[in-house]
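Undergrad:
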Amino acid sequence: MLQILWVGIGGFLGAVLRYGLVSIVHRSGEVVAFPYGILTANLIGSFLIGFLSVWGDGQEFLPAEARAFIFIGLLGSFTTFSTFANDSLNLLRVEQSNMAFANMALHLFLGLGAVWLGRVLAIRLF
8 MLQILWVGIG GFLGAVLRYG LVSIVHRSGE VVAFPYGILT ANLIGSFLIG
58 FLSVWGDGQE FLPAEARAFI FIGLLGSFTT FSTFANDSLN LLRVEQSNMA
108 FANMALHLFL GLGAVWLGRV LAIRLF
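In terms of our numbering, the sequence shown opens at residue 8 and continues consecutively.
#1: Does the Cβ-Cβ distance between Leu119 and Ala107 come in under 8 Å?
#2: So Gly83 and Gly18 are in contact, right, with Cβ under 8 Å, and what is the actual spacing, rounded?
#3: With Ala121 and Gly57 assumed to form a contact (beta carbons below 8 Å), what rounded beta-carbon distance in angstroms separates them?
#4: From this set, Val61, Ala109, Ile79, which residue's C-alpha is nearest Leu132's C-alpha?
#5: Starting from the Cα of Ile45, find the closest Cα among Ile130, Leu124, Phe91, Trp13 and give me that residue.
#6: Report the rounded CA-to-CA distance for Leu124 versus Glu102, giving the unit in angstroms.
#7: Could you check the C-alpha separation between Asn49 and Thr86 for me, to the nearest Å?
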């Protein structure tokens with residue numbers, strides 16, 4: 008039961024952090040043509056998941072609650088597949104197919120690259 012509470016707290020914090028980051032990236036609050044804010048959140052989150060998964064694997068003292076808080080709650084809600092998918096579909100709906108496919112490709116390839124980079128950096132540091 009305690010683990011569920013930690014996931015919930017992490018989820019709240021991750022969502023608030025994502026909202027703040029997206030607001031900073033899109034400073035004016037106006038609708039922008041390309042969803043840079045979500046791309047930024049997903050790339051930062053992907054890097055952190057890669058980095059912390061290596062670090063966490065080497066830390067036997069990291070309790071299950073902490074892992075649930077970090078990976079499922081905090082980073083799970085900081086990154087968002089549903090918003091990425093919705094943004095891509097909205098770009099397709101307004102006939103911005105080049106931007107939609109660029110958004111999909113950037114999320115996929117840069118996201119994988121960010122996880123890989125995080126893991127490589129963590130392996131070298133730990």
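Note that the Cβ used here is the ideal one computed from N, Cα and C, for glycine as well.
TA: Quick look at the numbers:
#1: No, the Cβ-Cβ distance between Leu119 and Ala107 is not below 8 Å.
#2: For a cut-off of 8 Å, the C-beta gap from Gly83 to Gly18 is around 7 Å, short enough to register as a contact.
#3: So it is a contact: roughly 7 Å between Cβ atoms.
#4: The candidate whose alpha carbon is nearest that of Leu132 is Val61.
#5: Of the candidates Ile130, Leu124, Phe91, Trp13, the one whose C-alpha sits nearest the C-alpha of Ile45 is Phe91.
#6: The C-alpha of Leu124 lies about 34 Å from the C-alpha of Glu102.
#7: The straight-line gap from Cα to Cα measures roughly 5 Å.
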